[in-house]
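To start, the structure itself, in structure tokens.
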Amino acid sequence: MYTQALDLSQAAAGDASDREANDRFEALIAADRKIEPQDWMPAAYRKTLVRQISQHAHSEVVGMLPEGNWVTRAPSLRRKAILLAKIQDEGGHGLYLYAAAETLGTSRDQMVDALLSGRAKYSSIFNYPTLSWADIGAIGWLVDGAAIMNQVPLCRCSYGPYARAMIRICKEESFHQRQGFDLMLSLCRGTPKQKAMAQDALNRWWWPVVMMFGPSDSASMNSAQTMKWGIKRISNDALRQKFIDATVPQIELLGLALPDAELRWNAERGHYDHGPIDWSELDRVIAGHGPCNRERLAARVNAHENGAWVREAALAHARKQQTRTVGVAA
Ligand code: FAQ
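Heads up: the sequence shown begins at 7 in my numbering, then just goes up one per residue.
Given below as structure tokens:
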């Protein structure tokens with residue numbers, strides 16, 4: 007574990023009957039202060055944080071795959087360099103997040119094992135294919151755009167290590183969103199064929215991105231409790247609406263057709279109305295039956311198996327170094 011220096015035995019030992027510790031925890035939450043790894047916390051708070059942070063970390067790592075598909079086919083050296091840097095950033099986000107989850111006492115090996123065995127979730131959005139170069143623009147613009155909408159409020163999450171990891175992640179996601187929009191803008195200012203490619207990408211990614219915010223508030227099992235604990239600050243539906251409101255003017259600026267015939271400004275609500283969301287599609291993708299679920303998991307299992315020698319070599323090197331240090335000390 008990266009967090010070997012932390013002694014979590016005391017923090018983990020507490021149980022809900024420890025009223026004083028629980029009162030202290032509740033007081034920190036009520037005062038909007040941070041909970042830190044050494045603090046006592048209810049087992050359910052710890053469990054839901056590990057659930058959300060590990061799901062988030064896996065999303066960043068699996069999220070490298072759809073874009074990785076286009077590294078060798080980027081149309082220019084500049085675009086290739088940008089794409090490589092972005093994918094590398096996503097890998098880094100996964101690592102910060104695994105490290106944040108480790109401070110809760112769950113090892114990265116345990117989390118990775120849960121992903122590879124299909125027990126852990128990752129974002130539904132990464133189970134869709136990247137069919138054209140415009141999809142790389144759509145991912146940066148829309149997927150990173152949605153991720154920022156969801157993740158900026160997480161910078162104020164009540165759990166310190168998660169909140170602090172999110173600050174850096176959001177700065178990088180903001181660059182990712184801009185490069186995606188820039189790519190779409192270039193296509194939209196290009197030939198009619200390039201503009202049609204941008205439109206096709208928008209049409210295919212729109213609904214999966216709208217669904218990325220999770221089930222509607224009435225169906226969200228975790229929201230009420232996580233909002234009470236200050237983990238989540240804004241509900242799934244409210245974030246979805248904020249994303250739609252911010253994105254429609256960008257679609258118009260690109261000169262693209264709206265991907266939903268029912269998208270229109272509602273002056274009374276001060277928001278865009280949208281068409282019905284096909285929740286059965288989100289359920290299917292989350293349950294493992296999306297267009298690319300099997301391919302994505304197989305790619306991760308393959309990468310893990312092919313990387314076994316690197317982990318073994320690193321451990322052997324660490325053991326050798328330790329023996330040398332002990333030898334010098336003696
Ligand atoms: N996909 O009760 P809720 C990125 C699950 S990172 C799959 O509403 P909650 C960067 C949910 O886990 C994108 N599963 O759950 C990037 C729960 O199941 P569980 C990832 C989903 O936690 C860009 C169940 O359904 N971002 O894009 C999804 O309160 C480009 C019931 O749902 C994060 O993870 C879904 N879309 O709210 C990388 C942000 N939605 O766990 C590369 C942090 C719901 O009880 C390229 N996470 N589920 O078994 C969150 O904010 C929340 O966890 C939500 C779900 C909003 C995702």
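Beta carbons: idealized from backbone N, C-alpha and C, even for Gly.
In this text, all values refer to a predicted model and were calculated from it rather than measured experimentally.
Nearest to residue i by CA position, among the options, is which residue?
i: Trp212; options: Asp284, Leu259 and Ile173; result: Asp284
i: Glu187; options: Thr253, Val158 and Ala91; result: In the sequence as displayed, the identity of residue 187 is Phe instead of Glu. Of the candidates Thr253, Val158 and Ala91, the one whose C-alpha sits nearest the C-alpha of Phe187 is Thr253.
i: Gly261; options: Leu208, Ala107 and Leu121; result: Leu208
i: Gly220; options: Gln61, Asp38 and Asp29; result: Gln61
i: Glu73; options: Ala225, Gly146 and Val118; result: Gly146
i: Leu101; options: Ser224, Ile154 and Arg174; result: Arg174
i: Ala107; options: Ala63, Ala324, Trp139 and Gln94; result: Ala63
i: Asn308; options: His99, Ala37, Val118 and Ala87; result: Val118
i: Asn133; options: Arg170, Asn312, Leu71 and Glu42; result: Leu71
i: Ala36; options: Val56, Gln157, Ser164 and Thr54; result: Ser164
i: Gln58; options: Ala204, Asp266, Leu160 and Arg246; result: Leu160
i: Tyr104; options: Asp95, Asp115 and Gln94; result: Asp115
i: Gly242; options: Leu259, Ser224, Trp235 and Lys234; result: The sequence given here places Asn at residue 242; Gly does not occur at that position. When only C-alpha atoms are compared, the closest one is Ser224.
i: Trp271; options: Val291, Ser286, Ile292 and Lys248; result: Lys248
Could you name the residues that DSSP lists as bridge partners for residue i?
i: Arg270; result: Asp279
i: Tyr165; result: Ile41
Measuring from the CB of residue i, is there a heavy atom of ligand 1 at a distance below 7 Å?
i: Arg181; result: Here the sequence assigns Phe to residue 181, which means Arg is not the residue at that position. Every heavy atom of ligand 1 is 7 Å or more from the Cβ of Phe181, so no.
i: Gln157; result: yes
i: Thr109; result: no
i: Ala293; result: no
i: Ala144; result: no
i: Ala252; result: no
i: Met203; result: no
i: Glu287; result: no
i: Met117; result: no
i: Met217; result: yes
i: Arg125; result: no
i: Met190; result: no
i: Val56; result: no
i: Ala263; result: no
i: Gly69; result: yes
i: Met47; result: no
i: Ser224; result: no
i: Glu301; result: no
i: Lys238; result: yes
For residue i, count neighbouring Cβ atoms within 10 angstroms of its own Cβ and tell me buried if that reaches 16, exposed if not.
i: Pro255; result: exposed
i: Gln327; result: exposed
i: Lys177; result: exposed
i: Ser130; result: buried
i: Gly276; result: exposed
i: Pro282; result: exposed
i: Ser337; result: This structure leaves residue 337 out entirely; the chain is present only between 7 and 336.
i: Ser286; result: exposed
i: Met218; result: buried
i: Gly236; result: buried
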